[in-house]
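Q:
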Amino acid sequence: MDLFDSLPTDDSASALTNFIIDGKFMQSDYPAHIHDDGKGIVIDIPDGRLYYAPRYFDSTLSDSIIDSLLACDGIDHSTHDWHQQSDIGALPFKNIQWQQDSVSMFGKTHDLPRLSAWYGDNDKPYTYSGITLQPKPWNDILLELRAALVPICKRQFNSVLLNWYRSGNDHISWHTDAEPELGTNPLIASVNFGASRRFLLRRREDHTIKLEIPLQHGSILVMAGALQHHWQHSVPKQKKVKEGRVNLTFRTIHT
Ligand SMILES: O=C(O)CCC(=O)C(=O)O
Ligand SMILES: [Fe+2]
């Protein structure tokens with residue numbers, strides 16, 4: 001079966017109108033409209049543009065995708081206590097070789113508060129938070145997800161960074177995706193499965209200017225324009241969230 005046989009064809013367009021009130025995105029001041037594809041919302045923010053499709057993949061398909069992304073021989077990923085698991089990189093994951101990355105700061109190493117994996121064309125190394133990652137080769141699931149983005153992004157990305165937030169304790173701090181190898185005004189497509197988490201954006205030079213988007217199971221968020229140069233983003237801790245979440249950010253690396 002083609003994983004993407006069942007893209008939603010239902011009344012998702014009518015559900016989208018709940019995100020737009022008087023021409024503005026949710027509680028924000030930013031103008032928003034429904035995209036011609038009927039699946040997503042376009043949000044215009046100063047120096048950037050966002051496309052958000054809350055249910056790009058239907059829930060049955062999304063369930064099976066997260067199941068594949070976390071599958072590990074001999075472990076039930078949905079009940080396992082991943083925060084207590086050491087030696088992640090040595091486990092027999094079926095599709096994604098997850099790893100615990102760490103960063104060095106002031107002579108000390110710190111584990112990142114999430115697990116990650118990097119896949120893509122093999123000639124595209126990437127430096128991220130001070131660590132250089134060599135991508136692992138594409139597999140079928142990642143290629144299908146990449147293909148599903150073509151109608152929106154009109155391009156084939158050459159790499160993807162996966163983040164696994166094991167629970168609401170895992171998070172990503174304020175940052176921009178403005179590494180030099182992404183070029184000027186990078187287009188970044190973020191795909192989300194599992195727990196719904198808060199995705200926050202704030203202006204680099206004025207942190208009181210903010211926007212929040214709930215990234216739910218099966219959603220896609222595309223960040224475009226000069227956004228990475230003017231806005232930071234983060235996924236804060238949400239202590240009450242017990243369920244895991246996998247986020248994939250597809251990117252084009254220029255080397
Ligand atoms: O998990 C997310 O939604 C964001 C991930 C992210 O910002 C990144 O990997 O650079
Ligand atoms: Fe990011």
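Start counting the sequence shown at 1; every next residue gets the next number (UniProt numbering). In this text, a Cβ means the ideal position worked out from N, Cα and C, and glycines have one as well. Quick caveat, the model's predicted, so the values are computed rather than measured.
1. Would you call the segment 108 to 128 and the segment 151 to 169 touching, i.e. three or more CB-CB distances under 8 Å?
2. Identify, in the order they occur along the chain, each residue of the same chain with its Cβ nearer than 8 Å to the Cβ of residue 246, setting aside the five sequence neighbours on each side.
3. Tell me where the beta strand (DSSP E) around residue 134 begins and ends.
4. First and last residue of the beta strand (DSSP E) that includes residue 175?
5. Any chance the CB of residue 211 is under 7 Å from a heavy atom of ligand 1?
6. Excluding the 5 residues preceding and the 5 following residue 56 in the sequence, name in chain order all residues of the same chain whose CB lies nearer than 8 Å to its CB.
7. Where residue 43 and residue 107 are concerned, what is the direct C-alpha to C-alpha distance, given to the nearest angstrom?
8. Can you tell me whether residue 155 is buried or exposed, with buried defined as 16 or more other CB within 10 angstroms of its CB?
9. Closer than 8 Å is the cut-off here; do at least three beta carbon pairs connect the segment 167 to 178 with the segment 136 to 153?
10. Check whether the Cβ of residue 132 sits closer than 7 Å to any heavy atom of ligand 2, and report yes or no.
11. Whole angstroms is fine: what's the gap from residue 109's alpha carbon to residue 99's?
12. Which one of 254, 212 and 228 has the shortest CA to CA distance from residue 30?
13. How many Å lie between residue 79 and residue 237 at the Cα?
14. If you measure from each CB to the nearest heavy atom of ligand 1 and keep those under 6 Å, what residues do you get, in chain order?
A: Result, derived from the coordinates:
1. Yes: at least three Cβ pairs fall under 8 Å.
2. Here residue 246 is taken as the residue at index 246 of the sequence shown, counted from 1. Within the same chain, and ignoring the five residues on either side of residue 246 in sequence, the residues whose Cβ sits closer than 8 Å to its Cβ are 66, 69, 70, 162, 163, 164, 165, 192, 193 and 194.
3. Within the sequence shown, residue 134 is the residue found at index 134, counting from 1. No beta strand (DSSP E) holds residue 134; DSSP gives it neither H nor E.
4. Mapped onto the sequence shown, residue 175 falls at position 175. 172 to 175 is the extent of the beta strand (DSSP E) around residue 175.
5. In the sequence shown, the residue the question calls residue 211 occupies position 211. No, the beta carbon of residue 211 sits no closer than 7 Å to any heavy atom of ligand 1.
6. Working through the sequence shown from its first residue, we reach residue 56 at position 56. Once the five neighbours on either side are set aside, the close Cβ partners of residue 56 are 7, 8, 39, 40, 148, 191, 218, 219 and 220.
7. For the purposes of this step, residue 43 is identified with residue 43 of the sequence shown, where counting begins at 1. For the purposes of this step, residue 107 is identified with residue 107 of the sequence shown, where counting begins at 1. The straight-line gap from Cα to Cα measures roughly 42 Å.
8. For this step, residue 155 is matched to residue 155 along the sequence shown. Exposed, because fewer than 16 other Cβ atoms sit within 10 Å of the Cβ of residue 155.
9. Taking a contact to require three or more Cβ pairs closer than 8 Å, the segment 167 to 178 and the segment 136 to 153 do not qualify as touching.
10. Here residue 132 corresponds to residue number 132 of the sequence shown, with the count starting at 1. A distance criterion of 7 Å places the beta-carbon of residue 132 beyond contact range of ligand 2, judged by its closest non-hydrogen atom.
11. Along the sequence shown, read from residue 1 onward, the residue named residue 109 stands at position 109. Along the sequence shown, read from residue 1 onward, the residue named residue 99 stands at position 99. Near 15 Å, if we compare the C-alpha coordinates of residue 99 and residue 109.
12. Here residue 30 refers to the residue found at position 30 when the sequence shown is read from its first residue. Ranking 254, 212 and 228 by Cα distance to residue 30 puts 212 first.
13. Here residue 79 corresponds to residue number 79 of the sequence shown, with the count starting at 1. Here residue 237 corresponds to residue number 237 of the sequence shown, with the count starting at 1. For the pair residue 79 and residue 237, the Cα-to-Cα distance works out to about 20 Å.
14. One residue after another in chain order, those with a Cβ under 6 Å from a heavy atom of ligand 1 are 161, 163, 172, 177, 190, 199, 215, 233, 235, 247 and 249.
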